[in-house]
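Contents: one structure, followed by commentary.
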Amino acid sequence: MAAEQATVAEQEYLETMFWIDEAGLPMTGANIARAMQLSAPTVHEMVGRLVKDGYVERNPDKSLAFTADGRERASYIVRRHRMIERFLTDVLGIPWDEVHEEAERIEHAMSPVLEERMRAAIGDATTCPHGHPIVEGIRERGSLLADVEVGADVTVLRFENEAEELLHYLKDAGLHPGLAGKVSESTEDHVTIRSADDEHLVTRSVAETVSVRADPAPPPRAAIPEQLVLSSDRYGR
105 MAAEQATVAE
115 QEYLETMFWI
125 DEAGLPMTGA
135 NIARAMQLSA
145 PTVHEMVGRL
155 VKDGYVERNP
165 DKSLAFTADG
175 RERASYIVRR
185 HRMIERFLTD
195 VLGIPWDEVH
205 EEAERIEHAM
215 SPVLEERMRA
225 AIGDATTCPH
235 GHPIVEGIRE
245 RGSLLADVEV
255 GADVTVLRFE
265 NEAEELLHYL
275 KDAGLHPGLA
285 GKVSESTEDH
295 VTIRSADDEH
305 LVTRSVAETV
315 SVRADPAPPP
325 RAAIPEQLVL
335 SSDRYGR
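Numbering (this note's numbering), first residue to last: 105 to 341.
Laid out in C-alpha cells, this is it:
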C-alpha cells in the first residue's frame with residue numbers, strides 16, 4: 105500500500121494532520137506542534153519534508169493542505185489504526201479505553217498478511233471502538249454534548265479526543281458510543297445524561313469532546329473548542 109512508502113515519522117505526521125482536518129481544525133504548523141507536543145522548529149522541518157515528498161502543500165495563508173497522494177496515504181493510515189483498535193476490542197477483548205496507544209505501537213510494524221487477517225476478523229464493523237468511522241466519508245457530524253439543552257434526547261456518536269486519560273474518565277462515567285439517554289442537567293461545571301440504567305456525569309470540559317446525535321439539536325458551532333486540540337500530554341485522536 106502507498107502509505108508503506110512513507111517513513112514512520114511521516115506516517116505519524118500524516119495521521120495527526122488527518123485527525124486535525126477531520127475535526128474541522130485549521131491544518132497549521134502551530135496546531136500540529138500543539139497536537140504532537142513538539143517544538144515549532146521540529147514541526148517546520150518535518151512539514152518541509154512532507155512538502156518535498158509531495159504529501160502536503162502550503163496555501164497562500166500559510167496553512168497546509170493534503171495533496172491527492174497525501175490524503176490517500178493519510179486516510180489509509182488512519183483507517184488501519186481504527187481497524188486495529190476494533191480488532192483489539194472485538195477479537196482480543198481488550199477494554200476500549202486501553203486500545204488507542206496499543207494500536208499506535210502495532211500499526212507501523214504489521215505485515216500486509218496480518219492486516220488482511222485483522223480486516224477479515226472484524227467483519228462489517230464500520231467504526232473504531234470510540235465511534236470514529238473506519239472508512240472516510242461516513243462521519244456523522246453530530247453536536248457537542250456541552251451544547252445540548254436539558255431535556256434533549258441524545259445518542260453518543262464518538263469521543264473526539266482519544267487521549268487515554270480521557271477515555272478512562274469517560275468509561276468510568278459509563279459513557280460509550282451508542283449510549284442513548286436524555287440530558288438531565290447542564291451547568292457551568294458539568295453535564296449529566298440519564299440513560300435507562302443510570303446517570304452519567306462528566307465535567308463540562310469533557311462534554312466539549314463528546315459528539316452526540318441530539319433531538320432537538322443545538323445550532324452548529326462557529327469554532328471548535330480548545331479541548332479537541334489538547335490533553336495534558338498530547339492530542340489523543
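In this text, a Cβ means the ideal position worked out from N, Cα and C, and glycines have one as well.
Identity of the residues DSSP links to residue i by a beta bridge
i       : result
Val-295 : Ser-290, Val-306
Arg-317 : Thr-259
Gly-285 : Val-258, Ser-299
Where the alpha helix (DSSP H) through residue i begins and ends
i       : result
Asp-116 : What sits at residue 116 in the sequence shown is Glu, not Asp. Here the alpha helix (DSSP H) through Glu-116 covers 112 to 126.
His-185 : 172 to 194
Met-222 : 216 to 225
Ala-229 : It is not in any alpha helix (DSSP H) - Ala-229 carries neither H nor E in the DSSP assignment.
Arg-138 : 133 to 140
Arg-209 : 203 to 211
Secondary structure of residue i, DSSP reduced to three states
i       : result
Glu-240 : coil
Val-260 : strand
Val-96  : No statement about residue 96 is possible, as the shown extent of the chain runs from 105 to 341 and does not include it.
Ser-167 : coil
Gly-152 : helix
Ala-300 : coil
Leu-248 : strand
Tyr-273 : helix
Ala-267 : coil
Asp-157 : coil
Pro-199 : coil
Pro-322 : coil
Pro-145 : helix
Neighbourhood of residue i by C-beta distance below 8 angstroms, restricted to the same chain and skipping five residues each side
i       : result
Met-105 : For Met-105, the pLDDT reaches just 45, beneath the cut-off of 50, and the residue's location in the model is therefore unreliable, leaving the point undetermined.
Arg-190 : Ile-226, Ala-229, Thr-231, Cys-232, Pro-233, Ile-238
Glu-268 : Asp-201, Glu-202, His-204, Glu-205, Gly-340
Ala-144 : Gly-133, Ala-134, Ala-137
Ser-167 : Pro-130, Met-131, Thr-132
Identity of the residue in the options nearest residue i by Cα
i       : options                            : result
Glu-116 : Gly-278, Lys-156, Gly-174, Lys-166 : Gly-174
Lys-275 : Val-112, Val-254, Leu-305, Thr-291 : Leu-305
Leu-249 : Ile-242, His-272, Leu-279          : Leu-279
Ala-207 : Glu-220, Met-187, Ala-224, Pro-164 : Met-187
Thr-313 : Gly-285, Ser-288, Leu-261, Pro-320 : Leu-261
His-236 : Arg-162, Glu-220, Glu-264          : Glu-264
Leu-142 : Tyr-273, Ala-113, Glu-240, Asp-165 : Ala-113
Gly-241 : Glu-176, His-148, Glu-220          : Glu-176
Gln-109 : Val-258, Leu-154, Ala-139          : Leu-154
Arg-317 : Val-258, Asp-157, Glu-292          : Val-258
Beta strand (DSSP E) segment containing residue i, residue limits
i       : result
Glu-161 : 160 to 162
Nonlocal neighbours in the same chain, by C-beta distance under 6 angstroms from residue i, ignoring five residues either side
i       : result
Phe-122 : Ala-178, Val-182
Ile-198 : Leu-192
Ala-321 : Ser-247
Arg-243 : Pro-237
Pro-323 : none
Val-254 : Val-287, Ser-290
Pro-164 : none
Val-195 : Ala-225
Met-140 : Thr-120
Beta-carbon contacts of residue i that lie in its chain and below 7 angstroms, excluding the five residues immediately before and after
i       : result
Met-222 : Met-187, Ile-188, Phe-191
Asp-125 : Met-131
Glu-211 : Arg-184, His-185, Ile-188
Tyr-273 : Val-310
Ala-277 : His-304, Leu-305, Val-306
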